[in-house]
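Q:
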Amino acid sequence: MNVTSSNFISLGEKAVSAAEIISAALESANPFVAVKKAVQSLNSEVDFYSFDKVGLVSIGKAAVPMAGAALSALPGRISHSLIVTKSLLGKDDYDFSRSKILQGSHPVPDEKSIQAGREVLEFAKSFNKEDAILFLISGGASALVTNPVNGITLDDLQKITALLLSSGASINEINAVRKHLDTVKGGGLALAAAPAAFYSLILSDVPGNVLDVVASGPTVADTSTYGDALATLSKYDLKTRVPESILAILTDGASGILPETPKPGNPIFFKNRSLVIGSVEQAMQAAGDTARKIGYKVELLTPLLTGEASMQGKRLAGFLKQQVQNHKSGDPACCWVTGGETTVTLTGTGIGGRNQELALAAAIELEGVEGVSLITFATDGEDGQSPAAGAVVTGATCRLARSKGLDPVDFLSRHDSYSFFNAIDASITTGSTGTNVNDLAVLFLD
17 MNVTSSNFIS
27 LGEKAVSAAE
37 IISAALESAN
47 PFVAVKKAVQ
57 SLNSEVDFYS
67 FDKVGLVSIG
77 KAAVPMAGAA
87 LSALPGRISH
97 SLIVTKSLLG
107 KDDYDFSRSK
117 ILQGSHPVPD
127 EKSIQAGREV
137 LEFAKSFNKE
147 DAILFLISGG
157 ASALVTNPVN
167 GITLDDLQKI
177 TALLLSSGAS
187 INEINAVRKH
197 LDTVKGGGLA
207 LAAAPAAFYS
217 LILSDVPGNV
227 LDVVASGPTV
237 ADTSTYGDAL
247 ATLSKYDLKT
257 RVPESILAIL
267 TDGASGILPE
277 TPKPGNPIFF
287 KNRSLVIGSV
297 EQAMQAAGDT
307 ARKIGYKVEL
317 LTPLLTGEAS
327 MQGKRLAGFL
337 KQQVQNHKSG
347 DPACCWVTGG
357 ETTVTLTGTG
367 IGGRNQELAL
377 AAAIELEGVE
387 GVSLITFATD
397 GEDGQSPAAG
407 AVVTGATCRL
417 ARSKGLDPVD
427 FLSRHDSYSF
437 FNAIDASITT
447 GSTGTNVNDL
457 AVLFLD
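Heads up, the sequence shown is in our numbering, so the first residue is 17 and it goes up one at a time.
1) Going by the beta-carbon positions, is the gap between residue 464 and residue 75 smaller than 9 Å?
2) Would residue 333 pass as a contact of residue 378 if the rule is Cβ separation under 9 Å?
3) For the pair the stretch 288–299 and the stretch 21–33, tell me if three or more CB-CB distances fall below 8 Å.
4) So, at 7 Å on beta carbons, what are the nonlocal neighbours of residue 192 in its own chain, with the 5 sequence-adjacent residues on each side left out?
5) Once DSSP output is grouped into helix, strand and coil, what is the label at residue 90?
6) Please name the residue or residues paired with residue 315 in a DSSP beta bridge.
7) Under the three-state reduction of DSSP, which class applies to residue 440: helix, strand or coil?
8) Under three-state DSSP, which class holds residue 203?
9) In angstroms with no decimal places, state the Cα-to-Cα distance between residue 368 and residue 92.
10) With contact counted as at least three CB pairs below 8 Å, one residue from each stretch, are the stretch 78–93 and the stretch 162–175 in contact?
11) Alpha carbon to alpha carbon, how far is residue 321 from residue 79? Give it in angstroms, no decimals.
12) According to the neighbour-count rule (16 or more other Cβ atoms, all chains shown, within 10 Å of its Cβ), is residue 363 buried or exposed?
13) Rounded to the nearest angstrom, how far is the Cβ of residue 391 from that of residue 299, given a contact under 8 Å?
14) Check residue 237 in the structure and name its three-state DSSP category.
15) Which of helix, strand or coil does DSSP assign to residue 367?
16) Within the same chain, show all residues whose beta-carbon is closer than 6 Å to that of residue 31, passing over the 5 residues directly before and after it, in chain order.
17) Buried or exposed, going by whether 16 or more other CB atoms sit within 10 Å of the CB of residue 380?
18) How would you write the range of the beta strand (DSSP E) that residue 151 sits in, first residue to last?
19) Need the endpoints of the alpha helix (DSSP H) that residue 262 sits in, please.
20) Give the secondary structure of residue 459 by DSSP, where H, G and I count as helix, E and B as strand, and everything else as coil.
21) Would you list the residues sitting across from residue 393 in a DSSP beta bridge?
22) To which residues does DSSP link residue 290 through a beta bridge?
23) Does DSSP classify residue 165 as helix, strand or coil?
24) Would you mind listing the alpha helix (DSSP H) stretches within the stretch 111–150 that are 4+ residues and don't spill past its ends, in chain order?
25) Mind checking whether residue 228 and residue 195 have CB atoms under 9 Å apart?
26) Cα separation between residue 204 and residue 213?
27) Take residue 109 and list the residues in its own chain whose beta-carbon comes closer than 7 Å to its own, dropping the five residues that flank it on each side.
28) Which residues does DSSP pair with residue 70 in a beta bridge?
29) Pick out whichever of 274, 305, 136 and 281 has its Cα sitting closest to the Cα of residue 40.
30) With H, G and I counted as helix, E and B as strand and the rest as coil, what does DSSP make of residue 277?
31) Can you check whether the CB of residue 209 is closer than 9 Å to the CB of residue 158?
32) Looking at the strands, I want to know which residues DSSP matches up with residue 100.
33) Below 9 Å between beta carbons: does that hold for residue 18 and residue 221?
34) Once the 5 residues before and after residue 314 are set aside, which same chain residues still bring their CB inside 6 Å of it?
35) Given that a residue counts as buried once 16 or more other Cβ atoms are within 10 Å of its Cβ, and exposed if not, what is residue 260?
36) Taking DSSP as the reference, what is the three-state secondary structure of residue 177?
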C-alpha cells in the first residue's frame, strides 16, 4: 500500500523494519479484504438473495475498494449502487458498470458534497420494506456527503467546519455539532432508508469505535444532543464566531422547538445491524505482531492518543526517555505501538497535520537522546492539509535541522511541521493508502 523503506530512509538500518511494520498495519485494515469477508459472513445469516431488491451505498475515503469488495462478494445480487469518495484511485480495478460514482470534498464540504448528500438520501428512499440496503462507511464521509438542514447554507457549513477543525475540539465534539446541522448525519440516512432492512459495515477512524461518531453516524442511533452541540461551541469559544443561522438552529433544538436526531430504541433501527470491520486497534495489533516477528520486544500502549498533538508528542518523548534510563546493556531492542486521533488548535498559517505536529514536539524533547526513534503515520496517507502522511524522528532530528538553519521551536509555534520535516527529508509521503483507521505512532529503542 505505497509504503517502502525509502519512506523511512532517515532511520538507516531500521528503514526496512519500519516499512514492514507500517505495511502490516495498513494491510490489517485493507478495506477490500475486510468487506468481502464481512459480506460473505453476513450473507450466511441474512441471505441477501431473499430480498426483492438489494442496493449498495459506499461512502468515505475507502468507498471504492469497499464497494468493489461487496459487489464481488454478492455477484449478480446488488441491483444498483452509489459510491461517494474523495479519490477515484483504484476505481478501474472493479466492475462498476452498474454503479454511480460521485466525488465530494474533504475536509471541508463543497457543492459536490451537497449534491452527493441529496443523491444518497434519494437513493435510500427508493427502497421499500421488501428490500435491503448495504451501507459501507469509512472515515471522511462527514465532509464528503452532506445535506444541511433548512436555513443552513453551504457557506455556513464551510465556516462552522473550518472553525471546528481548527479549534482543538475532538472528533466526538465536532461530529456532535455536524449531526445536528445535517439530514444525512446522526441517523438521518437510516430515516431515509426505513422501512427497508439495512446493514452497515464500518471501517472505523474513531478511537473507541463509537459508531455514531464514525462519519457522523448516518445509519445508527445518535447519542448526542443539541445541548451537546451547543456545549462544544461554548467550550471552544465559538458561539460568537459561528454564523447566526447555526446558533439559532442549535438553540431552537436544545429548547425542544426542533426534533432531535433519532435515538437508541427508535423502531427504524430494529432491522438495522452495524459491524466494525476495521479499526486502529486492529492496526496496532498487526504492527505489534510484525515488530515481534522481526525481533523486537513489543508493547501496545494504551489509552489511545487523544488531545493536543504537541502535548501527546511531549508525553511520548518523555516515555521514551524514561525507557532509555531503564534500558540495560544486553536488553533486547524494544518497540511500542500506539494510535488514536489527536487535535491541533491552530494559531498560525503553517502547513502540517496532527501526526507531524506530534512528531515535531517529540523531536524537540528527544534532542540528543541516542538510540531512540519515533514514527507517526496517518493511515489514510493524509495528514492535515499537507502532502505527507507523517514523519520520522530520532534524537538527531533537531541537530540536523539546526545545521540547516532551522529552529524546531519556531516551526512548532507556527504549526508548520510539514515544512520542517520536508526540509530535512524526514516527512513520510505515500499518497492515498485506500484505507482510514486513525493514526499510528511507533516508538523504537535500540
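Heads up, the beta-carbon is just placed ideally off N, CA and C, and yes, glycines get one too.
A: The relevant details are as follows:
1) A query on residue 464 cannot be resolved here, the shown segment of the chain reaching from 17 to 462 and no further.
2) Using a Cβ distance threshold of 9 Å, residue 333 and residue 378 count as a contacting pair.
3) Touching, no.
4) Around residue 192: 240, 244, 245 and 248.
5) In the structure shown, residue 90 adopts coil according to DSSP, grouped into three states.
6) According to DSSP, residue 315 shares a beta bridge with 352.
7) The answer is coil: DSSP assigns residue 440 none of H, G, I, E or B.
8) In this structure, residue 203 counts as coil in the three-state DSSP scheme.
9) C-alpha separation (whole angstroms): 45 Å.
10) Touching, no, given that fewer than three Cβ pairs across the two stretches are closer than 8 Å.
11) Residue 79 and residue 321: Cα-Cα distance of roughly 26 Å.
12) The residue is exposed, with fewer than 16 neighbouring Cβ atoms inside 10 Å.
13) In fact, because the Cβ distance is near 13 Å, the residues do not count as touching under 8 Å.
14) The answer is coil: DSSP assigns residue 237 none of H, G, I, E or B.
15) In this structure, residue 367 counts as coil in the three-state DSSP scheme.
16) The answer, listed in chain order, is 21, 24 and 25.
17) Answer is buried; the Cβ neighbour count reaches 16.
18) That run of the beta strand (DSSP E) goes 148–154.
19) In the DSSP assignment, residue 262 falls within the unbroken alpha helix (DSSP H) covering 260–270.
20) In this structure, residue 459 counts as strand in the three-state DSSP scheme.
21) Paired residues: 406 and 456.
22) Answer by DSSP bridge pairing, in chain order: 216.
23) The three-state reading of DSSP puts residue 165 in coil, since its state is none of H, G, I, E or B.
24) For the stretch 111–150, whole alpha helix (DSSP H) runs of length 4 or above, ordered along the chain, are 127–141.
25) Yes; because the gap between Cβ atoms is below 9 Å, this pair is in contact.
26) The C-alpha of residue 213 is placed about 15 Å away from the C-alpha of residue 204.
27) Cβ neighbours of residue 109 beyond the five flanking positions: 84.
28) Per DSSP, the beta-bridge partners of residue 70 are 94 and 148.
29) Taking the Cα of residue 40 as reference, the smallest distance to any Cα among 274, 305, 136 and 281 is reached at 305.
30) DSSP, reduced to helix, strand and coil, places residue 277 outside both helices and strands of the structure shown, so it counts as coil.
31) No. Outside cutoff.
32) Residue pairing by DSSP places residue 100 opposite 75 and 118 in a beta bridge.
33) Contact: no.
34) Counting only Cβ-Cβ distances below 6 Å, and skipping sequence neighbours, we find 304, 307, 308 and 351.
35) By the neighbour-count rule (16 or more Cβ atoms within 10 Å), residue 260 is not buried but exposed.
36) Helix, per DSSP.
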